[in-house]
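**Student:** For the record, the sequence lines run as chains A and B.
When we follow numbering that gives the first Met the number 0, the leftmost residue of the first sequence carries the number 0, and every step to the right adds one.
When we follow numbering that gives the first Met the number 0, the leftmost residue of the second sequence carries the number 0, and every step to the right adds one.
This structure is in structure tokens; I'll ask about it shortly.
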Amino acid sequence: MLSGTIYTARDQAHKRLAGVLGSGRRLPIELKGAVIYYCGPTRAQKGRIIGSCGPTTSSRMDPFTPLLLANGLKAMIGKGARSKEVKEAVKKHKAVYFVTYAGCGALLSGYVKKSEVVAYADLGPEAILKLEVKDFPVIVAIDANGGSIYG
Amino acid sequence: MRKINAVKITKAVTELAKQANFFLRKDVLSALRRSYAAEKNSRAKKILKAVLDNAAYARKHKLAICQDTGLPVVFIEIGQDLLVRGDLRAAVNKGIEQGYKNYCLRDSIINDPLNRGKSGFSPCVMHTDIVKGDKIKLTLLPKGFGCENKSQLKMFKPTADIKEIKEFIVQAVKDAGPDACPPYVIGVGIGGTADYASIMAKKALLRKITSKSSKLERELLKLINKTGIGPMGLGGANTALAVHIQTYPTHIAGNPVSVNISCHALRGAWITL
Chain A
0 MLSGTIYTAR DQAHKRLAGV LGSGRRLPIE LKGAVIYYCG PTRAQKGRII GSCGPTTSSR
60 MDPFTPLLLA NGLKAMIGKG ARSKEVKEAV KKHKAVYFVT YAGCGALLSG YVKKSEVVAY
120 ADLGPEAILK LEVKDFPVIV AIDANGGSIY G
Chain B
0 MRKINAVKIT KAVTELAKQA NFFLRKDVLS ALRRSYAAEK NSRAKKILKA VLDNAAYARK
60 HKLAICQDTG LPVVFIEIGQ DLLVRGDLRA AVNKGIEQGY KNYCLRDSII NDPLNRGKSG
120 FSPCVMHTDI VKGDKIKLTL LPKGFGCENK SQLKMFKPTA DIKEIKEFIV QAVKDAGPDA
180 CPPYVIGVGI GGTADYASIM AKKALLRKIT SKSSKLEREL LKLINKTGIG PMGLGGANTA
240 LAVHIQTYPT HIAGNPVSVN ISCHALRGAW ITL
């Protein structure tokens with residue numbers, strides 16, 4: 000179980016972050032030590048912190064992940080298997096890849112205690128959110144030694 | 000000739016958006032409960048429990064079952080003796096837009112597939128069939144793209160035997176692996192043309208899981224569950240809840256086979272007006 004700050008980012012946010020890293024401009028979030036959650040939630044209904052917020056397919060982020068890991072990203076949360084390159088980068092940078100209950104976005108919203116947009120608001124559901132989570136359920140899928148649950 | 004105002008259709012579709020996204024289909028729920036009871040792998044059992052808890056949580060709090068509220072696919076069966084007053088397609092899209100907006104469902108649709116850009120709530124994808132009678136049946140299938148991305152189509156030779164076709168279907172599930180939220184429901188369309196086989200594969204997902212299955216469907220389900228992919232791809236006996244096949248006459252020169260996979264959150268709602 001995970002408690003603390005995590006950032007949501009999915010396809011378009013990854014493309015932008017990777018673009019910024021190549022350009023020398025400043026990133027909109029501190030990547031060093033950060034945890035990224037591959038998630039694009041539904042909007043929160045009145046009285047709720049966040050909408051449904053389950054993981055999206057991680058492999059779509061594979062082309063960008065080694066670069067983000069090289070720049071300090073510490074952990075990722077998503078669903079499904081990763082590429083060989085990601086597995087190697089996780090090992091090289093002593094990071095970790097978690098998976099969480101897939102297709103259970105309603106249930107997972109109960110573990111989010113705070114949510115705010117911190118970057119790329121124009122991306123709508125793909126904006127980067129800063130989330131405070133408590134006891135968020137995760138399973139280690141690739142560990143810092145490159146060992147994978149998917150073999 | 001019976002008449003119906005397009006406003007009525009908009010209103011009905013708005014409610015379908017809520018119904019489909021908040022309340023999991025009853026037949027899917029009972030299939031999941033059966034899988035949960037039968038699963039022996041303890042981790043798989045725990046995951047199936049979370050899936051059932053999720054459906055209950057969504058129902059209780061009126062939340063989307065999954066944040067991917069899909070590309071809404073609307074199947075329209077319209078009676079040839081019914082006259083719609085107004086613009087039918089616009090009425091359906093307006094209903095989707097209103098429903099998705101009002102019930103806080105996700106704006107996942109981008110207008111330009113090449114240049115992408117800002118996302119919105121519509122348009123949905125519509126498949127229209129003209130049928131006998133003077134009624135209209137509207138069915139909404141919110142199709143998440145984690146599983147839609149795993150769709151496959153193959154044009155088989157007319158001389159291909161059933162074994163090759165079975166292998167293709169099982170391989171499509173193996174290719175989806177852990178990515179598309181197993182346990183899956185597998186829709187298969189065999190015959191027709193490339194486009195028609197794909198529509199049949201999608202339509203096959205609408206069939207009740209509790210309905211009677213064919214020998215071929217049972218064989219395929221067995222083969223798929225033997226892969227051991229399991230819930231979340233972490234092992235177990237439940238890789239798929241069901242295999243549904245639709246067939247149609249085809250050409251002497253070929254045999255299109257299309258596979259459309261659904262995640263365990265196979266949602267849907269329908270109404271006849």
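Glycine residues also receive a C-beta, built at the ideal position from the N, C-alpha and C atoms.
With DSSP run on the structure shown, which of helix, strand or coil describes Phe338/B?
**Tutor:** Residue 338/B lies beyond the stretch modelled for chain B, which goes from 0 to 272, so this question has no answer here.
**Student:** Write down every uninterrupted run of the beta strand (DSSP E) in the region 125-176 of chain B whose length is 3 residues or greater and which is fully enclosed by it, in chain order.
**Tutor:** The qualifying runs are 135-142, 151-155.
**Student:** Mapping DSSP to helix, strand and coil, what is Asp52/B?
**Tutor:** It is helical.
**Student:** Can you list, in chain order, the stretches of the beta strand (DSSP E) that have 3 or more residues and sit fully within the region 189-256 of chain B?
**Tutor:** Correct list: 239-249.
**Student:** Return the residue from the list Gly102/A, Cys103/A, Leu66/A that minimises the CA-CA distance to Val85/A.
**Tutor:** Nearest option by C-alpha distance: Leu66/A.
**Student:** For Phe135/A, write down the residues that DSSP places opposite it in a beta bridge.
**Tutor:** Answer by DSSP bridge pairing, in chain order: Leu1/A.
**Student:** Specify the secondary structure class of Asn273/B as computed by DSSP and reduced to three states.
**Tutor:** Residue 273/B is absent from the structure shown; chain B starts at 0 and stops at 272.
**Student:** Here's the rule I'm using: 16 or more other beta-carbon atoms within 10 Å means buried, otherwise exposed. How should Leu82/B be labelled?
**Tutor:** Leu82/B comes out exposed.
**Student:** What did DSSP end up calling Lys129/A once you bin it into helix, strand or coil?
**Tutor:** Correct three-state label for Lys129/A: strand.
**Student:** Three-state secondary structure (DSSP) at Tyr102/B?
**Tutor:** Coil at Tyr102/B, not helix or strand.
**Student:** Please list the terminal residues of the continuous alpha helix (DSSP H) segment that includes Ser34/B.
**Tutor:** First-last of the alpha helix (DSSP H) with Ser34/B: 25-37.
**Student:** Using a beta-carbon distance below 8 Å, is Ile208/B in contact with chain A?
**Tutor:** With 8 Å as the cut-off, Ile208/B does not count as an interface residue toward chain A.
**Student:** Please name the residue, chosen from Pro141/B, His126/B, Ile208/B, that lies closest to Ala239/B on a Cα-to-Cα basis.
**Tutor:** Comparing Cα-Cα distances from Ala239/B to each of Pro141/B, His126/B, Ile208/B, the minimum goes to Ile208/B.
**Student:** Under 8 Å by Cβ, that's how I've got Val256/B and Ile164/B pegged, so tell me the actual separation to the nearest angstrom.
**Tutor:** Confirmed, about 6 Å.
**Student:** Report all residues from its chain with a CB closer than 8 Å to the CB of Asp134/A; omit the five preceding and five following residues, and keep chain order.
**Tutor:** The residues are Met0, Leu1, Ser2, Tyr110.
**Student:** Which residue spans inside the region 60-140 of chain A form an unbroken alpha helix (DSSP H) run of at least 4?
**Tutor:** Taking only runs of at least 4 residues, the alpha helix (DSSP H) segments lying wholly in the region 60-140 of chain A are 64-69, 83-91, 104-108.
**Student:** What number of angstroms, rounded off, separates the C-alpha of Asn70/B from the C-alpha of Tyr102/B?
**Tutor:** It should be noted that the sequence gives Leu, not Asn, for residue 70/B. So the alpha carbons of these two residues sit roughly 16 Å apart.
**Student:** Taking just the CA atoms, how far does Gln11/A sit from Ile46/A?
**Tutor:** Note that residue 46/A is Gly in the sequence shown, not Ile. Cα to Cα, Gly46/A sits roughly 29 Å from Gln11/A.
**Student:** By Cβ distance, which residues of its chain are closer than 8 Å to Pro181/B, with the 5 residues on each side in sequence left out?
**Tutor:** Ala175, Ile228, Gly229, Pro230, Met231, Gly232, Asn237, Thr238, Ala239, Cys262, His263, listed in sequence order.
**Student:** For Ile64/B and Leu23/B, which I take to be in contact (beta-carbon distance under 8 Å), what is that distance rounded to the nearest angstrom?
**Tutor:** Indeed they touch by this definition, with Cβ atoms about 6 Å apart.
**Student:** Quick one: which chain B residues come within Cβ less than 9 Å of Ser108/A?
**Tutor:** Under the 9 Å cutoff, chain B gives Tyr56, His60, Leu62, Gln66.
**Student:** For Ala140/A, which of Ala11/B, Asn20/B, Pro177/B, Ile95/B has the nearest alpha-carbon?
**Tutor:** The option with the nearest alpha carbon to Ala140/A is Pro177/B.
**Student:** Since Ala268/B sits in a beta bridge, which residues does DSSP pair it with?
**Tutor:** BP columns for Ala268/B point to Leu139/B.
**Student:** Which residues in chain B sit within 8 Å of Asp121/A, going by Cβ to Cβ distance?
**Tutor:** What Asp121/A touches in chain B: Lys117.
**Student:** Nearest chain B C-beta to Thr56/A closer than 8 Å, yes or no?
**Tutor:** By this cut-off, Thr56/A is an interface position.
**Student:** Cβ closer than 8 Å: which chain A residues qualify as neighbours of Val12/B?
**Tutor:** Within 8 Å Cβ-Cβ: nothing; Val12/B doesn't reach chain A, min ~18 Å.
**Student:** Would you give the residue range spanned by the beta strand (DSSP E) that Leu118/B belongs to?
**Tutor:** Sequence inspection shows Ser at residue 118/B; the Leu mentioned does not correspond to that position. Ser118/B -> beta strand (DSSP E) spans 115-119.
**Student:** On a Cα-Cα basis, can you pick out the residue from Val242/B, Asn148/B, Glu166/B that is closest to Phe155/B?
**Tutor:** Residue Glu166/B is the option with its Cα nearest to Phe155/B.
**Student:** Is it buried or exposed, His250/B, if we count other Cβ atoms within 10 angstroms and call 16 or more buried?
**Tutor:** Exposed, because fewer than 16 other Cβ atoms sit within 10 Å of the Cβ of His250/B.
**Student:** Taking the beta carbon of Thr4/A as the centre, do at least 16 other beta carbons fall within 10 Å, making it buried, or is it exposed?
**Tutor:** Exposed, since its Cβ has fewer than 16 Cβ neighbours within 10 Å.
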